[in-house]
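See structure below.
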Amino acid sequence: MAHNPNEFTVRGACPHDCPDTCALVTTVVDGKAVRVAGNPAHRHTDGALCTKVSRYPERTHHPERILAPLRRTGPKGSGRFEPIGWDEALDDIAARLKDIAARNPQAIVPYSYAGTMGQVQSEGMAARFFNRLGASFLDRTICAAAGGEALVHTLGGKLGMKVEHFAEAKLILIWGSNSIASNLHFWRLAQQAKRDGARLVCIDPRRSETADKCHEHIALRPGTDAALALALMHELIRNDWLDHDYIARHTLGWEQLRERALQWPPERAAEVCGIPVEQIERLARDYGTTKPAAIRLNYGMQRVRGGGNAVRAIACLPALTGAWRHRAGGLLLSASGHFPVDRAALHRPDLLAGRTPRTINMVTIGDDLLRESSPAFGPKIEALIVYNSNPVAVAPESPKVVAGFAREDLFTVVLEHFMTDTADHADIVLPATTQLEHWDIHTSYGHTDVLLNRPAIAPVGQARPNTEVFRQLARRMGFDEPCFADDDETLCRQTFGDRVDFQQLLDQGFATLPVPEAPFAEGGFPTPSGKCEFFSARLAAQGLDGLPDHVPNHEPAGSDPRHPLAMISPPARNFLNSSFVNVKSLRDIEGEPLLEISAADAAPRGIADGDLVRVFNQRGSYRCTARLSTRAREGVVNGLGIWWRKLGLDGSNVNELTSQKLTDLGRAPVFYDCLVQVEKG
Ligand SMILES: Nc1nc2c(c(=O)[nH]1)N[C@H]1C(S)=C(S)[C@@H](COP(=O)(O)OP(=O)(O)OC[C@H]3O[C@@H](n4cnc5c(=O)[nH]c(N)nc54)[C@H](O)[C@@H]3O)O[C@H]1N2
Ligand SMILES: Nc1nc2c(c(=O)[nH]1)N[C@H]1C(S)=C(S)[C@@H](COP(=O)(O)OP(=O)(O)OC[C@H]3O[C@@H](n4cnc5c(=O)[nH]c(N)nc54)[C@H](O)[C@@H]3O)O[C@H]1N2
Ligand SMILES: [Mo]
């Protein structure tokens, strides 16, 4: 076949909120992206992509991409819009924002998360704009804040093992993570370890795809991980499987932790966790006697009230056994603290010029949109600028979120690829470019390489990068600081300054950070004491428990007879939060919104496999299809997420039921701390 001169490949980075941050190679033919593949030269990607992202061309050239700016013509939520020109849209937005800002800029709130993880298209130009404006700050807590804060208070930062060394471990605890679905490239390393004789243990209330393939599955009740970790400590102490030298030299608060752990014999934890005593004893023996032992902790287990304490308790374990001494021992929750992002250069907090705006927590956007002005709250929210997020689908307690977004006196702008549930509630929708259409630079929370993303194709329709929208708005608002003229490639360069070799990024698409092979082999924790802080004086100074403990759920099993089942809502494998739900080939694999329920819980309710069911609690009600499954343990149902409301069975999704309550640390959501009842119908 003759070579098409209009065919070429471009190196990029997967933008999605996933620990793997894959290096991409996009094939472009006649201006269209026809194929996206993993870059074989990047060792973490190793030439392989997940099913979702291999469908990137289908998502990018999707017939429902938003091609032009839109103005709403029907009621909020109706999805009725008309196309308008960019100038008109931007002039309108600037006029509205100027008017509100003249009264109080804090009535304007940005709402964004990790629709793209790129440093540039996420907060690159946006932070400059909102800082200069003096808008409210957004506390970006919806995913990882409880665990993140717990790591900071225990290890000193979001730091841990280098992921590649998991391949050499002899015991791997996969704790609160469905790696096959959400961390596929880690799973390949775990498989390699397994082939070399490692034992894999999965700790998860759900019998996930990952649990199926581990040697053992420990199906504890949601929100009981700290109890399990404390019982493991109890057994490590009782059997003296401790590294006394490591504890003496590199930890703080051992005597107090010891006393706390001795209150948690396996029998007590077994009761709380709803698992056999022998399973705890066996796990403790494995962990205490196998070297090197590695823990792949992930964010799934910290979406409960005690999520912060649970991460603290688990993060103490490798210091007790000295697992950190070996590069294949220790723990990894997030690697993001290794990346030397120059936030001052990129986000320009100096543009605040001494102002400290109030902070809105993205988790409680439902309540906050419904609040009036008050001295404690500050001004009523009058405008919301949403980008890289779909809050109407993903934020907890959607009845309130929807009511807030439906406020006629709220001015809402949404930058999007598609008409999501959130875009349906906008006054103005602006068409955004996808990763194949713009520049960006990426850190990762699952490995330690920086990736560069070059645009592969021209913007589809009239789409523009988020950065360009904020640049244009800045100009119309009269913000004339030179930083508002920086182009996207300049923003990419500013992200790391000379801390990363930009030429190498241009030449090969990625650059590996110099990270120690075994970061805490000789201690050196970046905490105030320089030690692994079992006891945190900083937490104690805030009036909190200085030691990790089991903190029961807000909604513990058995506490509400009307709602006897605990519901967790982990992501469906072929969606990425609420992204890809509108990609037909992927939606077809998932089929329909499902609730996995055990036979023991289905039988007394007269529910058979495939029945339509109503899942409800005091906050709301949601209809979906029951799947009788051994993936659900007795007493726990799994509502797989996160469907677009409008593509669900009755125009709602699982967040109809979740609460806006917060975690013990980090002001984070408690999606998996939620009691419900289920009935046929
Ligand atoms: N395919 C796919 N991949 C994704 C995502 C996606 O939506 N789809 N989302 C991405 C995002 S935003 C994130 S934050 C990461 C998350 O990555 P992970 O933290 O690995 O999250 P999940 O795959 O959601 O796995 C969470 C697991 O935790 C379990 N779990 C729930 N409650 C508890 C508990 O109390 N204790 C324990 N031990 N386990 C519990 C759930 O059953 C589920 O199997 O994944 C990313 N990758
Ligand atoms: N019940 C329940 N709820 C959950 C979770 C759960 O497990 N259960 N998980 C929670 C977690 S871990 C997270 S991280 C949040 C995720 O919540 P979000 O961060 O809101 O993630 P997505 O749902 O993927 O929505 C991202 C949106 O950004 C858009 N987007 C992508 N790239 C760009 C871009 O370059 N420009 C613009 N303008 N838009 C872009 C996409 O089209 C998509 O609609 O959800 C949380 N909600
Ligand atoms: Mo997340």
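Numbering (the UniProt record's numbering), first residue to last: 1 to 681.
Think of the CB as a built atom: it goes at the ideal place given N, C-alpha and C, for glycine as much as any other residue.
Subject >> Whole runs of the alpha helix (DSSP H) within the region 529-581, excluding any shorter than 4 residues >> reply: 537-541
Original post:
From Arg282 to Arg238, what does the alpha carbon distance come to, in whole angstroms?
Top reply: If you number the sequence shown from 1, residue 282 lands on position 282. If you number the sequence shown from 1, residue 238 lands on position 238. Those two C-alpha atoms are separated by around 14 Å.
**OP:** Taking Cys492 and Asp440 to be in contact with their CB atoms under 8 Å, please state how far apart those CB atoms are, rounded to whole angstroms.
**Re:** For the purposes of this step, residue 492 is taken as the residue at position 492 of the sequence shown. For the purposes of this step, residue 440 is taken as the residue at position 440 of the sequence shown. Rounded, the Cβ-Cβ distance is 7 Å, consistent with contact.
Original post:
Does the Cβ of Phe166 lie closer than 8 Å to at least one heavy atom of ligand 1?
Top reply: Numbered from its first residue, the sequence shown carries residue 166 at position 166. Answer for Phe166: no, Cβ out of range of ligand 1.
Original post:
Helix, strand or coil for Leu317 per DSSP?
Top reply: Here the question's residue 317 lines up with position 317 in the sequence shown. The answer is helix: DSSP assigns Leu317 an H, G or I state.
**OP:** Would you check whether ligand 1 has a heavy atom nearer than 8 Å to the C-beta of residue 736?
**Re:** Past the edges of the chain, shown from 1 to 681, lies residue 736, and the structure says nothing about it.
Original post:
Tell me the DSSP bridge mates of Asp139?
Top reply: For the purposes of this step, residue 139 is identified with residue 139 of the sequence shown, where counting begins at 1. DSSP, once it has assigned bridges, lists Asn361 as partnering Asp139.
Original post:
In the DSSP assignment, what are the bridge partners of Cys624?
Top reply: For this step, residue 624 is matched to residue 624 along the sequence shown. Val613, per the DSSP bridge assignment.
Original post:
Run through DSSP, which three-state label would Val676 get?
Top reply: Position 676 of the sequence shown, counted from the start, is the residue given in the question as residue 676. Strand.
Original post:
Quick one: does the C-beta of Ser182 sit closer than 8 Å to a heavy atom of ligand 1?
Top reply: As a working mapping, residue 182 is identified with position 182 in the sequence shown. For ligand 1, at least one heavy atom lies less than 8 Å from the Cβ of Ser182.
Original post:
Should Asp20 be counted as a contact of ligand 3 given a C-beta to heavy atom distance under 8 Å?
Top reply: Numbered from 1 along the sequence shown, position 20 holds the residue referred to as residue 20. Asp20 Cβ: outside cutoff for every heavy atom of ligand 3.
Original post:
Just reading off the beta strand (DSSP E) that Phe81 is part of, what are its end residues?
Top reply: Position 81 of the sequence shown, counted from the first residue, corresponds to residue 81. Segment Phe81 to Pro83, the beta strand (DSSP E) holding Phe81.
Original post:
In terms of residue numbering, what span does the alpha helix (DSSP H) encompassing Lys584 cover?
Top reply: In the sequence shown, the residue the question calls residue 584 occupies position 584. Run containing Lys584: Lys584 to Glu590, per the alpha helix (DSSP H) assignment.
Original post:
What distance in whole Å lies between the Cβ atoms of Arg645 and Val392, which are believed to be in contact at a cut-off of 8 Å?
Top reply: In the sequence shown, residue 392 corresponds to position 392, counting from 1. In the sequence shown, residue 645 corresponds to position 645, counting from 1. Rounded, the Cβ-Cβ distance is 7 Å, consistent with contact.
Subject >> Counterpart residues of Asn453 in DSSP-defined beta bridges >> reply: The count along the sequence shown starts at 1 and reaches residue 453 at position 453. Answer is Asp440, bridged to Asn453.
Subject >> Cβ neighbours of Gly124 in the same chain (closer than 7 Å, five flanking residues each side left out) >> reply: By one-based count along the sequence shown, residue 124 stands at place 124. Within the same chain, Gly124 has close Cβ partners Leu346, Thr467 and Leu491.
Original post:
Taking 8 Å as the cut-off, does the CB of Tyr111 come closer than this to any heavy atom belonging to ligand 3?
Top reply: Within the sequence shown, residue 111 is the residue found at index 111, counting from 1. It does not: the Cβ of Tyr111 is nowhere closer than 8 Å to a heavy atom of ligand 3.
Original post:
Just to confirm, does Arg206 get its C-beta within under 8 Å of one of the non-hydrogen atoms of ligand 1?
Top reply: Position 206 of the sequence shown, counting from 1, holds the residue named residue 206. Checking every heavy atom of ligand 1 against the Cβ of Arg206, one is found closer than 8 Å.
Original post:
Expressed to the nearest angstrom, what Euclidean distance is found between the alpha-carbon atoms of Leu506 and Gly12?
Top reply: Locating residue 506 in the sequence shown gives position 506, counting from the first residue. Locating residue 12 in the sequence shown gives position 12, counting from the first residue. Cα to Cα, Leu506 sits roughly 10 Å from Gly12.
Subject >> Whole-number beta carbon distance between Glu555 and Asp601, since they are thought to touch under 8 Å >> reply: Along the sequence shown, one-based indexing puts residue 601 at 601. Along the sequence shown, one-based indexing puts residue 555 at 555. With 8 Å as the limit, Asp601 and Glu555 do not qualify as a contact, their Cβ atoms being about 17 Å apart.
Subject >> Lys400, enclosing beta strand (DSSP E) - first and last residue >> reply: Locating residue 400 in the sequence shown gives position 400, counting from the first residue. Unbroken run through Lys400 is the alpha helix (DSSP H), Ser398 to Phe405; no beta strand (DSSP E).
Original post:
Considering only residues of the region 165-216, which uninterrupted alpha helix (DSSP H) runs meet the minimum length of 4 residues and lie entirely inside it, listed in chain order?
Top reply: 179-182, 184-195 and 209-212
**OP:** Give a yes or no on whether the C-beta atoms belonging to Gly300 and Pro570 are separated by under 9 Å.
**Re:** Here residue 300 is taken as the residue at index 300 of the sequence shown, counted from 1. Here residue 570 is taken as the residue at index 570 of the sequence shown, counted from 1. Yes, they are a contact pair.
**OP:** Would you mind listing the beta strand (DSSP E) stretches within the region 267-355 that are 3+ residues and don't spill past its ends, in chain order?
**Re:** 293-297 and 330-332
**OP:** State the CB to CB distance for the pair Tyr111 and Ile385, rounded to an integer number of angstroms; the pair is presumed to be in contact (CB under 8 Å).
**Re:** Numbered from 1 along the sequence shown, position 111 holds the residue referred to as residue 111. Numbered from 1 along the sequence shown, position 385 holds the residue referred to as residue 385. Sure, about 7 Å apart at Cβ, within 8 Å.
Original post:
Apart from the five residues just before and just after residue 723, which ones in its own chain have a Cβ nearer than 7 Å to its Cβ?
Top reply: Residue 723 lies beyond the residue range present for the chain, which begins at 1 and ends at 681; the question has no answer from this structure.
Original post:
Beta carbon of Val413, beta carbon of Val429: below 9 Å?
Top reply: Position 413 of the sequence shown, counted from the start, is the residue given in the question as residue 413. Position 429 of the sequence shown, counted from the start, is the residue given in the question as residue 429. Yes; because the gap between Cβ atoms is below 9 Å, this pair is in contact.
Original post:
Beta carbon of Ser621, beta carbon of Ser578: below 9 Å?
Top reply: Indexing the sequence shown from 1 puts residue 621 at position 621. Indexing the sequence shown from 1 puts residue 578 at position 578. No, the Cβ-Cβ distance between Ser621 and Ser578 is not below 9 Å.
Original post:
Should Ala269 be counted as a contact of ligand 1 given a C-beta to heavy atom distance under 8 Å?
Top reply: Taking the first residue of the sequence shown as position 1, residue 269 is located at position 269. No, ligand 1 has no heavy atom inside 8 Å of this Cβ.
Original post:
Mind checking whether the beta-carbon of Asn466 lies closer than 8 Å to any heavy atom of ligand 2?
Top reply: In the sequence shown, counting from the first residue as 1, residue 466 sits at position 466. Asn466 Cβ: within cutoff of ligand 2.
Original post:
Out of curiosity, what's the CA-to-CA distance linking Thr45 and Ala23?
Top reply: By one-based count along the sequence shown, residue 45 stands at place 45. By one-based count along the sequence shown, residue 23 stands at place 23. Near 6 Å, if we compare the C-alpha coordinates of Ala23 and Thr45.
Subject >> Lys76 - DSSP class collapsed to helix/strand/coil >> reply: Translated into positions along the sequence shown, residue 76 becomes position 76. It is coil, neither helix nor strand.
**OP:** Could you pull out every residue in the same chain whose Cβ sits closer than 8 Å to the Cβ of Phe535, ignoring the five residues on either side in sequence?
**Re:** In the sequence shown, the residue the question calls residue 535 occupies position 535. So the qualifying residues of the chain are Leu252, Gly253, Gln256, Leu257, Gly546 and Leu547.
Subject >> the region 664-673 contacting the region 301-308, beta-carbon criterion three pairs below 8 Å >> reply: yes
Original post:
Which residue's Cα is closest to the Cα of Phe496: Leu640, Ala572 and Arg343?
Top reply: For this step, residue 496 is matched to residue 496 along the sequence shown. Nearest C-alpha to Phe496: Arg343.
Original post:
Should Val654 be counted as a contact of ligand 2 given a C-beta to heavy atom distance under 8 Å?
Top reply: The residue labelled residue 654 in the question sits at position 654 within the sequence shown. The answer is yes for Val654.
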